[in-house]
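Student: I am attaching a structure below and will ask some questions about it afterwards.
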């Protein structure tokens, strides 16, 4: 049985090579590839590699190499048609019947590729001619340089109903083929001749991943409607399965491990000229599921860049919610929302490339965008408000089909809800509920203990008494350094111990730490000197209340660290007033403003 190239490419686009091979081979990511022990020969050192982007596997030990079809054939002892059938069923793609008619269509597709190339050359030549003068002026006004015009193969379609048709007819191209390619429109009146689809428009050729032209986007000069006109779907072009300039961006994507998705063709070109050659755009529609899957083959977290107007924010919201059912571990999206009224092209022109660079560098994760979308318009003053907000977040998280990712979103939203509601409480209210009683002054003078020291003691003592919290707080604690050297050594030892044996209970953990030389320190931490300031850290408490108390203490510890850093920078600024130090001080103060309102007085 013969399968069309397009059908096979559709299967590969929907099936993750890493996931398929990962079911039988333990793979570890190294750079842009995944490595593991070869399933085709015995080895002790991994020489088997999987490249998701290029859709192939290769073993440097035995030389086995191929696509997802080859892997299924070799590991399951199947013929090629059998492997295709299994993968098609897995991808929920109906297997077409190969008939003489199907073969005729394949031949027709090859003809369409050829006529699209001829049309591209025609449009390029018109742009270079006197007929393209106004189009060239427009491109210059938009800041598109000659080098980009050539590289992106931009062209111009004159405002004439038959010029393209006449020119291609001279080369022996029949009207029927031009209609099939989407270049001509066939009137409903069968007796009327077809006419050029693109007229009076700047032409943006759209290539497939091999760079072959498969469609066009046309931008009207002046006030023509519609402003943008794209090719219709044809035997070689499906809007939702392609991205503008992906063929051109692929090399840069490999180097940067990053894809930036913008809204329009000129945005892609502007960013390309500014050095961001890893940019693509959807084709006149909202980003589709298939386009996201295509992006994920190149990078695990594409960056979606939206204009700062209301329409751009709505588009970001749609993209964020539409992708939820398809999220998987290490497969997500990030977002850049430009300042109000700006698009990438205008932002670069008015503020320079650094303006867009700074925004891209701090792209917001999907979870943040979802939180913002859900919170917009909500007041959290009453229990009913909060219940509604909670319900909305939960409904979004439940759209995620992958149960692992869904669980982490539910946990994340739950934690953020608690933090959000805590802000509306009076200072100290949650501490009293959690059993925390902290000293009045942050001082090391006689009679009081340094607050930072107390917080560090509480944080590590809580984990020692509740080792099961390691899964929830371990990452935060691992990224933190205590300024008490003794407590920091204890922190490192506890994390290392629980990482290798997370089933220890608190008594077993204490016994182990005593043997490691922490007996005196643990005795001090158990004394009233520290535990008088908190009850939640002591054994035998409610685990949820313990976790809440720990998180609140951790946030205050971080805040106090920021305040200490601000004092140091203020002192440094007084002694050495430079712009760099001043900017650092402003950045620190902006960070502290964003932190919670709770503070020690």
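Numbering (the numbering used here), first residue to last: 45 to 645. Positions of the beta carbon are idealized from the N, C-alpha and C atoms, including for glycine.
(1) Which residue comes first and which comes last in the beta strand (DSSP E) that contains residue 399?
(2) Could you say if the stretch 270-279 and the stretch 293-306 meet the contact criterion of at least three C-beta pairs nearer than 8 Å?
(3) Which of helix, strand or coil does DSSP assign to residue 85?
(4) With distances taken from CA atoms, which of 570, 536, 430 is nearest residue 560?
(5) What whole-angstrom Cβ distance do residue 178 and residue 265 have, given they're in contact under 8 Å?
(6) For residue 491, count neighbouring Cβ atoms within 10 angstroms of its own Cβ and tell me buried if that reaches 16, exposed if not.
(7) Over the uninterrupted alpha helix (DSSP H) stretch that includes residue 30, give me the two end residues.
(8) Alpha carbon to alpha carbon, how far is residue 93 from residue 87? Give it in angstroms, no decimals.
(9) Considering residue 418, what are the terminal residues of the alpha helix (DSSP H) in which it resides?
(10) Less than 6 Å between C-beta atoms, sequence neighbours within five positions excluded: which residues of the same chain meet that for residue 58?
(11) Take residue 614 as the anchor and find which of 175, 632, 286, 599 has the nearest alpha-carbon.
(12) Kindly examine the ligand SAH and report whether one of its heavy atoms sits closer than 8 Å to the Cβ of residue 179.
(13) Using the rule of at least 16 other Cβ atoms within 10 Å of the residue's Cβ for burial, across every protein chain shown, is residue 406 buried or exposed?
(14) Threshold first: 3 residues or longer. Then list the beta strand (DSSP E) segments lying entirely within the stretch 111-138, N to C.
(15) List the endpoints of the continuous beta strand (DSSP E) containing residue 108.
(16) So is residue 418 buried or exposed if we call it buried at 16+ other beta carbons inside 10 Å?
(17) Can you tell me whether DSSP reads residue 558 as helix, strand or coil?
(18) Output the distance between the C-alpha atoms of residue 256 and residue 446, rounded to the nearest integer angstrom.
(19) The alpha helix (DSSP H) that contains residue 49, what's its start and end?
(20) So residue 238 packs on residue 229, CB below 8 Å; how close in whole Å?
(21) For residue 240, which three-state DSSP category applies?
(22) Taking just the CA atoms, how far does residue 250 sit from residue 219?
(23) Can you round the beta-carbon distance between residue 381 and residue 360 to whole angstroms, since I take them to be within the 8 Å contact cut?
(24) So which of 294, 367, 510, 416 has the shortest CA-CA distance to residue 323?
(25) Would you mind reading off the limits of the alpha helix (DSSP H) that contains residue 598?
(26) Compute the Euclidean distance between the alpha carbons of residue 460 and residue 430, then round it to the nearest angstrom.
(27) Helix, strand or coil: how does DSSP classify residue 189 here?
(28) Quick one: Cα of residue 181 to Cα of residue 321, how far?
(29) In angstroms, rounded to a whole number, what distance separates the CA positions of residue 408 and residue 420?
(30) On a Cα-Cα basis, can you pick out the residue from 194, 162, 173, 529 that is closest to residue 212?
(31) Enumerated in chain order, which unbroken segments of the beta strand (DSSP E) with a length of 3 residues or greater are wholly contained in the stretch 323-376?
(32) Can the beta-carbon of residue 531 be found less than 9 Å from the beta-carbon of residue 565?
(33) Return the CA-CA distance between residue 106 and residue 341, expressed in angstroms with no decimal places.
(34) Residue 547 to residue 397, Cα distance in whole Å?
(35) Among the residues of its own chain, which have a CB less than 6 Å from the CB of residue 350, if the five just before and after it don't count?
(36) Which two residues bound the contiguous beta strand (DSSP E) that contains residue 507?
Tutor: Reading it off the structure:
(1) The residue you call residue 399 lines up with position 355 of the chain shown. Careful: residue 399 lies outside any beta strand (DSSP E), inside the alpha helix (DSSP H) at 397-405.
(2) no
(3) As a position in the chain shown, residue 85 is number 41, starting the count at 1. Correct three-state label for residue 85: coil.
(4) The residue labelled residue 560 in the question sits at position 516 within the chain shown. Checking every option, the nearest Cα to that of residue 560 belongs to 536.
(5) Along the chain shown, read from residue 1 onward, the residue named residue 178 stands at position 134. Along the chain shown, read from residue 1 onward, the residue named residue 265 stands at position 221. Contact flag correct, Cβ pair sits at about 6 Å.
(6) Within the chain shown, numbered from 1, the residue matching residue 491 stands at position 447. With a pLDDT of only 40 at residue 491, under 50, the local geometry of the prediction cannot be trusted, and the value read off the model is given with reservation. The residue in question, residue 491, is exposed, as its Cβ has fewer than 16 Cβ neighbours within 10 Å.
(7) Only positions 45 to 645 of the chain appear in this structure, which leaves residue 30 out of reach.
(8) Within the chain shown, the letter at position 43 stands for residue 87. Within the chain shown, the letter at position 49 stands for residue 93. Distance between the alpha carbons of residue 87 and residue 93: 13 Å.
(9) Position 374 of the chain shown, counted from the first residue, corresponds to residue 418. Looking at the DSSP string, the run of the alpha helix (DSSP H) that includes residue 418 is 410-419.
(10) Reading the chain shown from its first residue, position 14 is the one you call residue 58. Excluding residues within five positions, the ones whose Cβ falls inside 6 Å are 135.
(11) As a first step, residue 614 is located in the chain shown; it is residue number 570 there, counting from the start. The shortest Cα separation from residue 614 among 175, 632, 286, 599 belongs to 632.
(12) The ligand content of the structure shown is nil, which means the ligand SAH is not present either.
(13) Looking up residue 406 in the chain shown gives position 362. Exposed: under 16 other Cβ atoms inside 10 Å.
(14) none
(15) By 1-based counting over the chain shown, the position of residue 108 is 64. No beta strand (DSSP E) holds residue 108; DSSP gives it neither H nor E.
(16) For the purposes of this step, residue 418 is taken as residue 374 along the chain shown, with counting starting at 1. Looking at its Cβ environment, which holds 16 or more other Cβ atoms inside 10 Å, residue 418 is buried.
(17) Residue mapping note: residue 558 aligns to position 514 of the chain shown, counting from 1. Helix.
(18) Within the chain shown, numbered from 1, the residue matching residue 256 stands at position 212. Within the chain shown, numbered from 1, the residue matching residue 446 stands at position 402. Computed Cα separation, rounded: 36 Å.
(19) For the purposes of this step, residue 49 is identified with residue 5 of the chain shown, where counting begins at 1. It spans 49-58 - the alpha helix (DSSP H) in which residue 49 sits, taken as one unbroken run.
(20) Here residue 238 corresponds to residue number 194 of the chain shown, with the count starting at 1. Here residue 229 corresponds to residue number 185 of the chain shown, with the count starting at 1. The Cβ separation is near 6 Å, so the contact holds.
(21) The residue you call residue 240 lines up with position 196 of the chain shown. Strand.
(22) Against the chain shown, residue 219 aligns to sequence position 175. Against the chain shown, residue 250 aligns to sequence position 206. Cα to Cα, residue 219 sits roughly 22 Å from residue 250.
(23) Looking up residue 381 in the chain shown gives position 337. Looking up residue 360 in the chain shown gives position 316. 6 Å between Cβ atoms; contact.
(24) On the chain shown, position 279 is the one that residue 323 refers to. Among 294, 367, 510, 416, the Cα nearest to that of residue 323 belongs to 294.
(25) In the chain shown, the residue the question calls residue 598 occupies position 554. From DSSP, the alpha helix (DSSP H) with residue 598 extends over 587-619.
(26) Locating residue 460 in the chain shown gives position 416, counting from the first residue. Locating residue 430 in the chain shown gives position 386, counting from the first residue. Cα to Cα, the separation comes out at about 12 Å.
(27) Taking the first residue of the chain shown as 1, we reach residue 189 at position 145. Coil.
(28) Numbered from 1 along the chain shown, position 137 holds the residue referred to as residue 181. Numbered from 1 along the chain shown, position 277 holds the residue referred to as residue 321. Distance between the alpha carbons of residue 181 and residue 321: 24 Å.
(29) On the chain shown, residue 408 is found 364 positions in, with the first residue counted as 1. On the chain shown, residue 420 is found 376 positions in, with the first residue counted as 1. Taking the straight line joining both Cα atoms gives about 16 Å.
(30) Position 168 of the chain shown, counting from 1, holds the residue named residue 212. Among 194, 162, 173, 529, the Cα nearest to that of residue 212 is on 162.
(31) 347-350
(32) In the chain shown, the residue the question calls residue 531 occupies position 487. In the chain shown, the residue the question calls residue 565 occupies position 521. Yes, Cβ-Cβ distance for residue 531 and residue 565 is below 9 Å.
(33) Within the chain shown, the letter at position 62 stands for residue 106. Within the chain shown, the letter at position 297 stands for residue 341. Whole-angstrom Cα-Cα distance: 26 Å.
(34) One-based indexing of the chain shown puts residue 547 at position 503. One-based indexing of the chain shown puts residue 397 at position 353. For residue 547 and residue 397, the distance between alpha carbons rounds to 51 Å.
(35) Along the chain shown, one-based indexing puts residue 350 at 306. So the list reads 356, 359, 360, 381, once near-sequence residues are dropped.
(36) Here residue 507 corresponds to residue number 463 of the chain shown, with the count starting at 1. Where residue 507 is concerned, there is no enclosing beta strand (DSSP E), although the alpha helix (DSSP H) it sits in stretches over 495-509.
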